[in-house]
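Quick note on numbering that gives the first Met the number 0: the sequence shown kicks off at 0 and runs consecutively.
The C-beta atom is built at its ideal place from N, Cα and C for all residues, glycine as well.
Notes for the one structure printed next.
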Amino acid sequence: MQYRTFGELDWKPSALGFGAMRLPVIDDDPGKISELEATRMLHYAIDHGVNYVDNAYSYHRGHSEAFLGRALQGGYRERVKLATKLPSWLVKAPKDLNRYLNEQLERLQTETIDFYLLHSLNEEHWTKLHDLNVLDWAEKAMADGRIGYLGFSFHDQYEVFQEIVDAYDRWTFCQIQYNYMDEEHQAGTRGLKYAADKGLAVVVMEPIRGGQLARNLPRAIMELWDTAARKRTPADWALQWVWNHPEVSLVLSGMSTLEQVAQNVASASQSGPATLTADELALIARVRDKYRELCPVPCTQCKYCLPCPNGVNIPRVLEIYNGAIMYNDHNRARVFYNWLKEEERADACTQCAQCEELCPQEIGIAEWLAQIHQLLDESQNQ
């Protein structure tokens, strides 16, 4: 295992962290973790040098933390730093902060959560938690030992990310989505460098974009990977690209099989900052360009089409659809589409075409929206 730096802490994290969001389950039920197999996976990772385990209150419908509490018995808890997250969207009042943290400590069977994150911060969640004085609360939880260090995970635009980083001088770390397709998405490369320059450790999630960069690959993508002088799996290419950045503290992988754990541990053992050659980086850039060529709707996310008079979140709907086609992954796209508020989905479109008059790309948005809803709405595909 290779080890890296974690911001300004005197502690070396393993290049690979164990994410407990996609554990093996029974009968395709996310709430029924296959505990024997998941425990084997966790122990294998720790026995091979992984020293950071990531979780959250809501993973596996609320069962993941309790599973980890059991699986880390027998000396494994002492060998890792444990991270979990406050469910930001569930917090309604100041009393909820202690309620959720204390419940998590009980689930995890630990007196201290080494790294605690405010989960899934966006402008809305951050504003609410800030108004509830979450930072003052966290200071007290760190002082009484229930929390070791405070950080946050992030899903919004770069400007919001910068605002959150600048709002508090005791952030130890942050967690961002980052992969070779998302250099300019959400926090992106700018956010990675900004946080690192501020002394924060940067934990990367979705390095393989939820598996999209590793499975069901379009033929044109596989043909490009096959030209590489050094053969790697698509997953390994994606992981190595992230590890190549010296600002990255560790990379999380939500693994579902023991084979995936073994493969990712092996990849991590070959990782390091600035280890990819110029030719390898050029190949990854060609793969990125080819994916973008497969993008069916030429939306640039300029958002000139907003606000839609009927509430449709046009850029997000188009983004989800583009992902479904580019990565040949309709199931994941359906999940994201049906997470949207009902009024934000494509079927709220009344074909008024106001958005089309404003679109600099001259996209036939109304026609696309009708097609997208037909493909991605769960009720249309049961």
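Report yes if the C-beta distance between residue i and residue j is below 9 Å; otherwise report no.
i, j, result
"Leu67", "Val52", "yes"
"Gly150", "Gln174", "yes"
"Leu147", "Ile112", "A small fix is needed here, since residue 147 is Gly in this sequence, not Leu. Closer than 9 Å, so yes."
"Ser87", "Lys139", "no"
"Arg3", "Ala14", "yes"
"His47", "Ala19", "no"
"Ser63", "Leu116", "no"
"Arg229", "Glu279", "yes"
"Ser252", "Ile207", "yes"
"Phe17", "Met254", "yes"
"Leu375", "Ile319", "yes"
"Pro233", "Thr299", "no"
"Ile163", "Leu120", "yes"
"Leu357", "Tyr303", "yes"
"Ala365", "Cys351", "yes"
"Met180", "Arg287", "yes"
"Val260", "Tyr43", "yes"
"Thr171", "Glu7", "yes"
"Leu35", "Leu71", "no"
"Pro12", "Leu339", "no"
"Leu85", "His129", "no"
Have a look at the DSSP bridge pairing and note the partners of residue i.
i, result
"Met204", "Gln176"
"Val24", "Ile32"
"Lys84", "Leu116"
"Val296", "Paired residues: none, contrary to the question."
"Gly253", "Gly18"
"Ile146", "Ile112"
"Ser266", "BP columns for Ser266 are empty, so no partner."
"Phe153", "Leu120"
"Leu275", "Per DSSP, none; premise fails for Leu275."
"Tyr2", "Ser13"
"Tyr8", "The sequence given here places Leu at residue 8; Tyr does not occur at that position. Paired residue(s): Phe5."
For residue i, collect the residues of the same chain with a Cβ closer than 8 Å to its Cβ; drop the 5 residues on either side in sequence, then sort them by chain order.
i, result
"Arg285", "Leu223"
"Pro93", "Leu131, Asn132 and Trp136"
"Glu342", "Asn309, Gly310 and Val311"
"Thr274", "Gln239, Trp242 and Asn243"
"Gly198", "Gly6 and Glu7"
"Gly363", "Glu355"
"Ser33", "Leu22, Pro23, Val24 and Ile25"
Once the 5 residues before and after residue i are set aside, which same chain residues still bring their CB inside 7 Å of it?
i, result
"Leu81", "Val52, Leu107, Thr109, Ile112 and Asp113"
"Gln353", "Pro308"
"Gln103", "Tyr56, Glu64, Thr83 and Ile112"
"Thr256", "Pro23"
"Arg76", "Thr109"
"Tyr167", "Leu134"
"Tyr193", "Gln161 and Val164"
"Ile45", "Tyr75, Arg78 and Val79"
"Gln1", "Ala14, Ala267, Ser268, Ser270 and Gly271"
"Pro217", "Leu293 and Asn327"
CB-CB under 6 Å to residue i, same chain, minus the five flanking residues each way: which ones, in chain order?
i, result
"Gly322", "Ala332"
"Pro272", "Pro245"
"Glu372", "The displayed chain sequence assigns His, not Glu, to residue 372. So the qualifying residues of the chain are Ala345 and Asp346."
"Leu317", "Val296 and Cys298"
"Asp235", "Ser266"
"Ala213", "Ile207, Pro233 and Ala234"
"Gln211", "Tyr326 and Asp328"
"Tyr336", "Ile319 and Leu375"
"Asn330", "none"
"Leu96", "Trp136"
"Gly61", "none"
"Ala219", "Lys289"
Go through the stretch 37-109 residue by residue and report every complete run of the beta strand (DSSP E) that reaches 3 residues or more, in order.
The qualifying runs are 51-53 and 80-85.
Quick check: the stretch 94-112 against the stretch 130-147, are there 3 or more CB pairs under 8 Å?
Taking a cut-off of 8 Å for Cβ pairs, the stretch 94-112 and the stretch 130-147 touch, as three or more such pairs fall below it.
Count Cβ pairs between the stretch 184-203 and the stretch 162-176 that sit closer than 8 Å; are there 3 or more?
For the pair of segments examined, the stretch 184-203 was found to touch the stretch 162-176: the number of CB pairs separated by less than 8 Å reaches three.
Decide if the stretch 152-164 is in contact with the stretch 182-199; the criterion is three or more beta carbon pairs, one per stretch, under 8 Å apart.
Enough Cβ pairs lie closer than 8 Å, so yes.
Evaluate the contact criterion for the stretch 263-275 versus the stretch 238-246: three or more CB pairs, one atom per stretch, below 8 Å.
Contact annotation: the stretch 263-275 touches the stretch 238-246, with at least three C-beta pairs closer than 8 Å.
Taking only runs of the alpha helix (DSSP H) that begin and end inside the stretch 304-363, which ones reach a length of at least 4 residues, in chain order?
With a minimum length of 4 residues, the continuous alpha helix (DSSP H) runs that stay inside the stretch 304-363 are 313-325, 329-338 and 353-357.
Whole runs of the alpha helix (DSSP H) within the stretch 180-252, excluding any shorter than 4 residues
Scanning the stretch 180-252 for uninterrupted alpha helix (DSSP H) segments of 4 residues or longer gives 187-196, 218-224 and 233-242, listed from N- to C-terminal end.
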